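Chemist: Residues in the sequence shown are numbered consecutively from 1, following the working numbering.
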Amino acid sequence: MENIKVLELSALEVIKAYEMKKIKSKHTDEMEAEMASWDAPWRQEALEHYLPMGWSLCFWQKEELTSPLTAYFMGQPLVFYSGWTQSLWVEHLSYDNEELGHKILDVAYRTARSKHFQKMFVKDLDPKIKVLDKWKAKRHSNGVTEFTVAKISE
């Protein structure tokens, strides 16, 4: 069972290490890995923006900060976006495997729904992640996937 927690600024270095490990598994050259991190959605200034807001959640394997991070998302509320009063913007999802990817996406969806948001928008959602029909997902050409989280008619 995953240990779901709100991410705080104290997890910044843990997240960066988690993501750098993933990048280094894809890039054998140290410099290429470092350059890839400069444009990553989880770079330091983004984490410093998203983490204090309290809308980014994660799974720890056991205890927070002392055990491995297994999945997380960075999010923030959006008001009056694309004609919707309240939405959850998910800037980045990261996970160890597709099953955890689905689970952390489900946590984001449930979080938006529990706060009575109307929509959730996820940037660059991996198409391999299982998306439930009830989420009414629409992939847009700009790389954003839109989810209906409230019971509304469109």
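Backbone N, C-alpha and C fix where the C-beta goes; we use that ideal spot for every residue, glycine too.
Note that the coordinates shown come from a computational prediction; the quantities given were computed from them, not determined experimentally.
With burial defined as no fewer than 16 other Cβ atoms inside 10 Å of the residue's Cβ, what is the status of Thr148: buried or exposed?
Modeler: As a first step, residue 148 is located in the sequence shown; it is residue number 148 there, counting from the start. It counts as buried.
Chemist: Using a Cβ-Cβ cutoff of less than 6 Å, which residues in the same chain neighbour Pro68 once the five nearest sequence positions on both sides are dropped?
Modeler: Residue numbering aside, residue 68 sits at position 68 when the sequence shown is read from its first letter. Spatial neighbours of Pro68 in its own chain (CB-CB distance under 6 Å, excluding positions within 5 residues in sequence) are listed in chain order as Gln61.
Chemist: Going by beta-carbon coordinates alone, are Glu91 and Pro41 separated by less than 8 Å?
Modeler: Numbered from its first residue, the sequence shown carries residue 91 at position 91. Numbered from its first residue, the sequence shown carries residue 41 at position 41. Between Glu91 and Pro41, the C-beta spacing is below 8 Å.
Chemist: Using 10 angstroms around the beta-carbon of Ser87, count the other beta-carbons present and answer buried if the total reaches 16, otherwise exposed.
Modeler: For the purposes of this step, residue 87 is identified with residue 87 of the sequence shown, where counting begins at 1. With 16 or more other Cβ atoms within 10 Å, it is buried.
Chemist: Use the C-beta contact count for Thr145: other C-beta atoms within 10 angstroms, 16 or more gives buried, fewer gives exposed.
Modeler: Against the sequence shown, residue 145 aligns to sequence position 145. Label assigned to Thr145: buried.
Chemist: So, under 8 Å CB-CB, Ala155 and Met20 are touching, yes? Tell me the CB distance rounded to an integer number of Å.
Modeler: Given that the chain is displayed from residue 1 to residue 154, the structure contains no residue 155 and the question cannot be resolved.
Chemist: Starting from Gly83 and walking both ways along the beta strand (DSSP E), at which residues does that stretch end?
Modeler: Against the sequence shown, residue 83 aligns to sequence position 83. Taken as a continuous stretch (DSSP letters only), Gly83 belongs to no beta strand (DSSP E), as it is neither H nor E.
Chemist: Name, in chain order, the residues that DSSP records as bridge partners for Lys136.
Modeler: Residue mapping note: residue 136 aligns to position 136 of the sequence shown, counting from 1. The bridge partners DSSP lists for Lys136 come to none.
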